[in-house]
Amino acid sequence: MAAIMNKSTHLNILPLPRDNSADSGQEDGGSREFEFKPHLNSQSVEPRVADFVHGPDDIGNMFLPVPSSKKVEESAADFLINKVSEFLGEVSVLALGPLTNVALAIKRDPSFASKVKKIVVLGGAFFAAGIVNPAAEANIHGDPEAADIVFTSGEDIAVVGINITTQVCLTDEDFLGLRNSKGQHATFLYEMCKFYIDWHANSDGFHGIFLHDHVSFIVVLHPKYFTFKKGVVKVETQGICTGHTLMDQGLKKWNSENPWSGYKPISVAWTIDVPKVISFIKKLLMAP
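The sequence shown begins at 1 in the working numbering and counts up one residue at a time.
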């Protein structure tokens, strides 16, 4: 467990530029590392590490130098609470992994929901097969209890499932174009993605990668490229369907109370303008 937490805090700061201290949580020229909580029930649950997908270092076996900074005492959950309290209604949270820290923030500060502007979550498989198993997507499966807390918290939440993100991909041809472009980080990105490309080829017979995180990022920047459906979402937390996201679309008036009753609907991404999204992503990746 300790090794996983150390890797997570390490990866948390690797991409941060040295000249962006105001926005990235850096102080006095040093990066801030936050303790990663692997699961709400971390005392009893062994975390699932997908090193077979992303490599032992989680960034395609690039093995970048170890950061010189040290982990600060403030946890990620407390950081979220403090920032949304400092900037009321201005902070949007983009959650690209299991929702443990967001759930902890909600549990520690009951007013968190009223302070945050919006939460965009990469996770779930809505009316589609999972990716960990037939029932579940990886991020939700990583901490289903946390996901259920977040989805039923009453916050302004948009969820982007793999039924949407798997519509956007970069092919082998796209990666050759990236490598040969004048992009500032083109060569690094090309090399970093090789491991992920090989995994997709061996696992799915697909030569390329799906842009899960990128698509979710664009939901924050350009929600106009998507359509959404509103519905109450619950997450299965036990049994063979653990991590399965179940949405009540409100198409039926139920005759009795059920586990979806009484919760505020959230926005689930339903369609995507693939050409506009992929064009925007390529423009960013190849920016000189």
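For glycine and all other residues, C-beta sits at the position ideal for the given N, C-alpha and C.
Keep in mind the model is a prediction, meaning the values are calculated, not measured.
Is residue 259 buried or exposed, if buried means 16 or more other CB atoms sit within 10 Å of its CB? In the sequence shown, residue 259 corresponds to position 259, counting from 1. Classification for residue 259: exposed.
For residue 59, the first and last residue of its enclosing alpha helix (DSSP H): As a first step, residue 59 is located in the sequence shown; it is residue number 59 there, counting from the start. Careful: residue 59 lies outside any alpha helix (DSSP H) and carries neither H nor E.
Express the C-alpha separation of residue 252 and residue 285 in angstroms, rounding to a whole number. The residue given as residue 285 occupies position 285 in the sequence shown. The residue given as residue 252 occupies position 252 in the sequence shown. Cα to Cα, residue 285 sits roughly 44 Å from residue 252.
Residue 13 to residue 68 span [Cα, whole Å]: Position 13 of the sequence shown, counted from the first residue, corresponds to residue 13. Position 68 of the sequence shown, counted from the first residue, corresponds to residue 68. Note that residue 13 has pLDDT 45, beneath the 50 cutoff, so the model's placement of it is unreliable and no number is given.
Please determine if the region 168-175 and the region 129-139 are in contact, where contact requires at least 3 C-beta pairs separated by less than 8 Å. no
Would a C-beta distance cut-off of 8 Å place residue 158 and residue 112 closer than the cut-off? Residue mapping note: residue 158 aligns to position 158 of the sequence shown, counting from 1. Residue mapping note: residue 112 aligns to position 112 of the sequence shown, counting from 1. Not in contact: residue 158 and residue 112 (Cβ atoms no closer than 8 Å).
Three or more C-beta pairs below 8 Å linking the region 145-163 and the region 111-127: Cβ pair count under 8 Å is three or more, so yes.
Own chain residues within Cβ distance below 7 Å of residue 179, not counting five before or after: For this step, residue 179 is matched to residue 179 along the sequence shown. 186, 187 and 190.
Who are the near neighbours of residue 141 in its chain, counting only those whose CB is closer than 7 Å to its CB and skipping five residues on each side? Stepping through the sequence shown from its first residue, residue 141 is reached at position 141. Closer than 7 Å at Cβ, skipping near neighbours: 132, 242 and 243.
Going by Cα to Cα distance, which pick from 150, 100, 195 and 79 is closest to residue 207? Residue 207 sits at position 207 when you count from the first residue of the sequence shown. Answer by Cα proximity: 195.
Output the distance between the C-alpha atoms of residue 212 and residue 162, rounded to the nearest integer angstrom. Locating residue 212 in the sequence shown gives position 212, counting from the first residue. Locating residue 162 in the sequence shown gives position 162, counting from the first residue. Each residue's CA atom was taken as its position, placing residue 212 and residue 162 some 7 Å apart.
Please report how far the alpha carbon of residue 88 lies from the alpha carbon of residue 205, in whole angstroms. Your numbering for residue 88 matches position 88 in the sequence shown. Your numbering for residue 205 matches position 205 in the sequence shown. Roughly 47 Å between the two C-alpha positions.
On the CB-based measure, 16 or more other CB atoms within 10 Å of its CB, does residue 52 come out buried or exposed? Your numbering for residue 52 matches position 52 in the sequence shown. Answer is exposed; the Cβ neighbour count stays below 16.
Name the one or two DSSP bridge partners that residue 248 has. Working through the sequence shown from its first residue, we reach residue 248 at position 248. Beta-bridge pairing links residue 248 to 232.
Could you give the distance in angstroms between the alpha-carbon of residue 233 and the alpha-carbon of residue 145? Counted from its first residue, the sequence shown places residue 233 at position 233. Counted from its first residue, the sequence shown places residue 145 at position 145. Spanning the two alpha carbons is a distance of roughly 13 Å.
With a 10 Å radius around its C-beta and 16 neighbouring C-beta atoms as the bar for buried, classify residue 66 as buried or exposed. Position 66 of the sequence shown, counting from 1, holds the residue named residue 66. So residue 66 counts as exposed.
Can you find at least 3 beta carbon pairs, one from the region 68-86 and one from the region 97-104, that sit closer than 8 Å? These segments touch.
Inter-residue spacing [alpha-carbon to alpha-carbon] between residue 73 and residue 95: Mapped onto the sequence shown, residue 73 falls at position 73. Mapped onto the sequence shown, residue 95 falls at position 95. Their backbone Cα atoms lie some 21 Å apart in a straight line.
What are the uninterrupted segments assigned as beta strand (DSSP E) that are 3 or more residues long and contained completely in the region 108-149, given in chain order? Along the length of the region 108-149, whole beta strand (DSSP E) runs at least 3 residues long occupy 118-122, reported in chain order.
Range of the contiguous alpha helix (DSSP H) that encloses residue 84: On the sequence shown, residue 84 is found 84 positions in, with the first residue counted as 1. Its alpha helix (DSSP H) spans residues 76-86.
Using the Cα positions of residue 91 and residue 70, report the straight-line distance between them to the nearest angstrom. Here residue 91 corresponds to residue number 91 of the sequence shown, with the count starting at 1. Here residue 70 corresponds to residue number 70 of the sequence shown, with the count starting at 1. Approximately 25 Å between the Cα atoms of the pair.
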